[in-house]
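Chains as they are written, first to last, in my numbering: chain A, 8 to 201; chain B, 8 to 201.
Worksheet for the structure shown next.
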């Protein structure tokens with residue numbers, strides 16, 4: 008299996024008025040997505056923000072659980088947060104992976120909206136990861152979604168999680184968990200254990 | 008498809024020392040699981056706590072988004088929170104469903120630990136829901152898990168989400184999202200749209 012990476016993008020994002028903004032990092036996004044990522048064998052979870060003050064908060068959240076006595080907690084929260092890395096921008100995350108892997112990752116965008124170009128199914132991405140030829144980096148957005156320029160700069164784009172639903176507002180924490188389960192989870196429909 | 012219900016249990020739960028406690032409700036659990044539940048067509052999301060002060064907080068969180076000007080928000084948060092109902096205990100949730108459906112639901116427990124008895128696979132539960140003979144109520148725990156008496160009182164039990172992983176500490180928000188996707192999501196491996 009190829010190495011899997013995820014990034015949570017806080018810039019450049021759209022706000023509800025369509026303006027380009029840097030969204031605020033939240034502790035719950037750092038924790039929840041780190042726990043999901045660690046469960047599914049993700050190598051690194053990049054929290055991407057250009058704001059130095061936000062980066063400091065991110066490192067502090069990580070350090071709180073990975074250093075000192077809390078690192079021994081039975082919740083193993085430190086094991087999850089150890090894979091968190093603060094990143095200035097997408098290019099810095101890609102560059103981190105390039106240094107670690109010796110090649111650029113396949114960069115995959117996610118979106119709650121439908122896009123036509125470069126769409127890849129969850130099964131296809133799953134096969135790609137299983138084949139393991141290249142590391143894969145999956146991007147998740149915050150606010151009202153990534154700007155089109157970022158989506159267009161990605162190699163591939165996953166479709167919305169529930170295109171058939173009349174409600175299209177999953178939290179990014181839920182969307183990240185479901186996406187990881189679809190592309191890297193124990194296969195549903197395996198053995199019947201009832 | 009049969010009607011699907013979820014419940015988030017705050018009592019009787021285990022804490023990290025194995026004692027039986029009522030855990031604290033959190034706003035993020037109410038919001039995130041409501042959004043996931045609404046996405047997957049869940050009819051009601053019961054937040055189960057015996058503490059009147061906690062129930063009042065839950066109703067207030069719901070009302071904040073379902074009443075007044077915030078009910079018109081583009082985030083449609085009110086649409087998600089409308090399916091939230093505070094419940095005193097599991098029996099009250101079951102009784103709510105009995106009144107609405109004319110029959111008792113099939114009650115399904117989830118657990119991060121392995122149990123042998125009455126285990127049902129995600130695919131089997133998916134088929135059960137698709138068949139639609141009975142409403143289904145899926146229970147999620149908080150704290151360090153539901154007491155065995157509750158698990159034993161359920162009709163069926165889903166296995167851990169990632170039994171093969173060496174890290175077994177998903178947030179309940181992530182676990183609920185993944186469980187709903189597995190039993191009620193658009194089927195992975197459908198049409199290839201790349």
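Glycine included, C-beta positions come from ideal geometry on N, C-alpha and C.
message = Need the endpoints of the alpha helix (DSSP H) that residue 97(B) sits in, please.
response = 97-108
Open item on the list: Is the separation between the beta-carbon of residue 142(B) and that of residue 9(B) shorter than 7 Å?
Closed with: yes
Would residue 24(A) pass as an interface residue toward chain B - the criterion being a Cβ-Cβ separation below 7 Å? no
Integer Cβ distance of residue 183(B) from residue 147(B), believed to fall under 8 Å: 5 Å
Exercise. Out of 19(A), 81(A), 76(A), 186(A), which has the shortest C-alpha to C-alpha gap to residue 150(B)?
Worked result: 81(A)
Cβ of residue 18(A) within 7 Å of any chain B Cβ:
no
Assess contact between the region 66-83 of chain A and the region 158-167 of chain A, defined as three or more Cβ pairs (one per stretch) separated by less than 8 Å. Is contact present?
no
Fill in: Bridge partner(s) assigned by DSSP for residue 20(A)
28(A), 153(A)
Nearest-angstrom beta carbon gap, residue 190(B) and residue 133(B) [assumed within contact, 8 Å]
5 Å
| said: Whole angstroms are fine: how far does the CA of residue 170(B) sit from the CA of residue 199(A)? | reply: Residue confidence is low: residue 199(A) scores 38 on pLDDT, short of 50, so the model does not pin down where it sits. No coordinate-derived value is stated.
Residue 46(B) touches chain A at which residues, Cβ-Cβ below 7 Å? 169, 172, 174, 177
Practice item. Below 6 Å CB to CB, which residues in the same chain sit around residue 23(B) once its five sequence neighbours on both sides are set aside? Key: 151
Secondary structure, beta strand (DSSP E): runs of 3+ residues fully inside the region 31-80 of chain A:
51-55
Buried or exposed for residue 61(A), please, with buried defined as at least 16 other CB atoms from any protein chain shown within 10 angstroms of its CB.
buried
Just mark residue 112(A) as buried or exposed, buried being the case when its beta carbon has 16 or more other beta carbons within 10 Å. buried
Quick check: is the beta carbon of residue 43(A) nearer than 7 Å to any beta carbon in chain B? yes
Could you check whether residue 42(A) and residue 87(A) sit closer than 7 Å to each other, using their CB atoms as the reference points?
yes
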